[in-house]
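Asker: The structure under discussion is supplied below as structure tokens; questions concerning it will follow.
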């Protein structure tokens, strides 16, 4: 028995921090699992932009990646967000059931901070599968979490923004102490979450203590006046 863990992984800061903390705690993470909902899916459950870079991150981390393509989640017919959230969990749960047959699967890691919508569904899925959930960010103070990520050496790149106060200049910007100070001001003025938990911004971890080589990016930016994202044109390990 090896007590295998699977890390639910997008390449963003929250799932990366959950993975990092699991490794620090000595959990035997033997797979990363990424769901690719599609760039325009409007997913309620999953990080959307640039999940294709998860394979580069996995190579740098040195843990095998399992990729799940659930099809066009935007085309899923659901009467409300709750039903759509339930349906979005189905391909994830199916992938974990398949892994259950390959591994001595005892649990998954998840990077949820405040979203009861996401966490309740992941927790219920774990109960159905008879496995544990490691969610080290859950209900933590976002300011403390941000400081811990930076102190640990996480290099975090902002890849999408969608909130008052976040303009085109934030696209591709590194989330460092200066950016965090500005986010604190935007939190006071507009209520922008310091870690983007409400979808205000999305990130990619391009380097960290759990990675052997940094991810290097070339990209274009797209901006529609109120929101935008980067489109990666090339990426490699440095």
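Residue numbers (this note's numbering): 236 to 473. Don't be surprised by glycine CBs; every beta carbon is placed ideally from N, CA and C.
With DSSP run on the structure shown, which of helix, strand or coil describes residue 447?
Answerer: In the structure shown, residue 447 sits in coil (DSSP, three-state: anything other than H, G, I, E or B).
Asker: Just how far apart, CA to CA, sit residue 344 and residue 457?
Answerer: Their backbone Cα atoms lie some 32 Å apart in a straight line.
Asker: Note down the Cα distance separating residue 391 from residue 350, rounded to an integer number of angstroms.
Answerer: Cα to Cα, the separation comes out at about 21 Å.
Asker: Quick test of your reading: residue 177 and residue 407, contact by CB under 8 Å. State the CB separation rounded to the nearest angstrom.
Answerer: Outside the shown range of the chain, which is 236 to 473, sits residue 177, and nothing can be said about it.
Asker: Are at least three pairs of beta-carbons, each pair with one atom in the segment 252 to 268 and one in the segment 409 to 427, less than 8 Å apart?
Answerer: With a cut-off of 8 Å, the segment 409 to 427 and the segment 252 to 268 do not count as touching, because too few Cβ pairs lie within range.
Asker: Verify whether the separation of the beta carbon atoms of residue 438 and residue 452 is less than 8 Å.
Answerer: For residue 438 and residue 452, no; Cβs fall outside 8 Å.
Asker: Hey, would you say residue 303 sits closer than 8 Å to residue 334, going by beta carbons?
Answerer: Going by C-beta atoms, residue 303 is not nearer than 8 Å to residue 334.
Asker: Just the C-alpha distance for residue 340 and residue 402, rounded to the nearest angstrom, thanks.
Answerer: Those two C-alpha atoms are separated by around 43 Å.
Asker: On the CB-based measure, 16 or more other CB atoms within 10 Å of its CB, does residue 424 come out buried or exposed?
Answerer: Exposed, since its Cβ has fewer than 16 Cβ neighbours within 10 Å.
Asker: My output table needs one value for residue 353: the three-state DSSP class, helix, strand or coil.
Answerer: Residue state, collapsed to three classes: helix.
Asker: Given a threshold of 16 other Cβ atoms within 10 Å of its Cβ, counted over all protein chains shown, does residue 399 qualify as buried or as exposed?
Answerer: By the 10 Å Cβ count, residue 399 comes out exposed.
Asker: If you measure between the beta carbons of residue 254 and residue 470, is that distance less than 8 Å?
Answerer: Cβ distance not < 8 Å, so residue 254 and residue 470 don't count as in contact.
Asker: Between residue 246 and the rest of its own chain, which residues show a CB-CB distance below 6 Å, the 5 nearest in sequence each way excluded?
Answerer: 288, 289, 292, 439, listed in sequence order.
Asker: Residue 409 to residue 393, Cα distance in whole Å?
Answerer: Residue 409 and residue 393: Cα-Cα distance of roughly 6 Å.
Asker: Are the Cβ atoms of residue 356 and residue 397 separated by less than 8 Å?
Answerer: Contact: no.
Asker: Would you tell me roughly how many angstroms separate the C-alpha atoms of residue 367 and residue 361, rounded to the nearest one?
Answerer: Taking the straight line from one Cα to the other gives about 6 Å.
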